[in-house]
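K.L.:
For what it's worth, this note's numbering labels the leading residue of the sequence shown as 242, then goes sequentially.
Below is the structure I would like to discuss, written out as structure tokens.
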Amino acid sequence: MRAASILLAGVVGLSSAMAFSTPSRADETICRGHLGNTTVENLRVPDGATCTLNGTRVDGNITVESGAVLVARSVRVEGNIQAENANQVTVNTRSLVRGNIQIKQSGAAMVADTRIGGNLQFEENTRSLLSQGNTIGGNLEAYENAGGLRVFSNRINGNLQCKENSPVPSGNGNMVRGNKEDQCARF
């Protein structure tokens, strides 16, 4: 009897230890529709959904999934905005993103009047892209985009790099502390 009690106590103790050793996942908000002036941890726009944020604070990251649309106005994001295979991404109206904005293999994107702590990256997108009036702490990188890219009046602490975009990007009025390279050398 005593051996059974000790065995049971050991199993319960081991189970408790395992429960507490499992890493916890940060809270994730699924956005389909509108979010206003509220704070969330991480935010995900699921496949095919449309999410409109107005004055929303995200303490983590925003992920935009396949076919989804994100419209973010006056948002504050402590992490990154990452979109892959998204339909459309818009970030504007005095938004702040402390990390990177990465838009890859997606449709259209507009990033305007936004402060970005890291990089702004457009890669292999198929529709119109615009970067205008942003303050970028890192680089603006645009590679292999097919829908047209316009780059106007940005302040870029790093480099402005554009390669293999068709048609050739257009732009001017950019203040770049690093280098203006390749297709964006004249901007």
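Ideal placement from N, C-alpha and C gives every residue a C-beta, glycine not left out.
Excluding the five sequence neighbours on either side, which residues of its own chain have a C-beta within less than 6 Å of the C-beta of residue 417, listed in chain order?
P.N.:
397, 401
K.L.:
Near residue 364, which residues of its chain fall below 6 Å by C-beta distance, leaving aside the five closest residues on each side in sequence?
P.N.:
Excluding residues within five positions, the ones whose Cβ falls inside 6 Å are 345, 384.
K.L.:
For residue 363, list the residues DSSP reports as bridge partners.
P.N.:
Bridge partners of residue 363: 344, 383.
K.L.:
Does DSSP put residue 353 in a helix, a strand or coil?
P.N.:
Residue 353 falls in the strand class under three-state DSSP.
K.L.:
With distances taken from CA atoms, which of 329, 406, 317 is nearest residue 308?
P.N.:
When each option's Cα is compared against that of residue 308, the closest is 329.
K.L.:
Please list, in chain order, all residues of the same chain as residue 368 whose beta carbon is under 6 Å from its beta carbon, the five residues on each side excluded.
P.N.:
348, 349, 388
K.L.:
Buried or exposed for residue 382, please, with buried defined as at least 16 other CB atoms from any protein chain shown within 10 angstroms of its CB.
P.N.:
buried
K.L.:
Note down, in chain order, each residue of its chain lying with its Cβ closer than 6 Å to the Cβ of residue 371, except the 5 sequence neighbours on either side.
P.N.:
351, 391
K.L.:
Opposite residue 324 in the DSSP bridges: which residues?
P.N.:
305, 344
K.L.:
In whole angstroms, what separates the C-alpha of residue 407 from that of residue 304?
P.N.:
When rounded, the distance between both Cα atoms is 27 Å.
K.L.:
If you count every other CB in all the chains shown that lies within 10 Å of the CB of residue 245, and 16 or more means buried, which is it?
P.N.:
At residue 245, the pLDDT of 47 sits below 50, so the modelled position is not reliable; the number obtained from the coordinates is stated separately. Counting of Cβ neighbours within 10 angstroms places residue 245 among the exposed residues, the total staying below 16.
K.L.:
What distance in whole Å lies between the Cβ atoms of residue 332 and residue 355, which are believed to be in contact at a cut-off of 8 Å?
P.N.:
5 Å
K.L.:
For residue 336, name the three-state secondary structure that DSSP assigns.
P.N.:
strand
K.L.:
Once you ignore the five residues that flank residue 276 on each side, which residues in its own chain have a CB closer than 6 Å to its CB?
P.N.:
294, 297
K.L.:
Name the DSSP bridge partner or partners of residue 423?
P.N.:
In the DSSP assignment, residue 423 is bridged to 403.
K.L.:
Could you tell me if residue 409 is buried or exposed, where buried requires 16 or more neighbouring beta carbons within 10 angstroms of its beta carbon?
P.N.:
exposed
K.L.:
Starting from the Cα of residue 380, find the closest Cα among 394, 357, 373 and give me that residue.
P.N.:
Comparing Cα positions, the closest option is 357.
K.L.:
Ignore the nearest five residues each way along the sequence and tell me which others in residue 362's own chain have a CB closer than 6 Å to its CB.
P.N.:
Excluding positions up to five away in sequence, the list reads 343, 382.
K.L.:
Grouping DSSP H, G and I as helix and E and B as strand, with all else coil, what is residue 393?
P.N.:
strand
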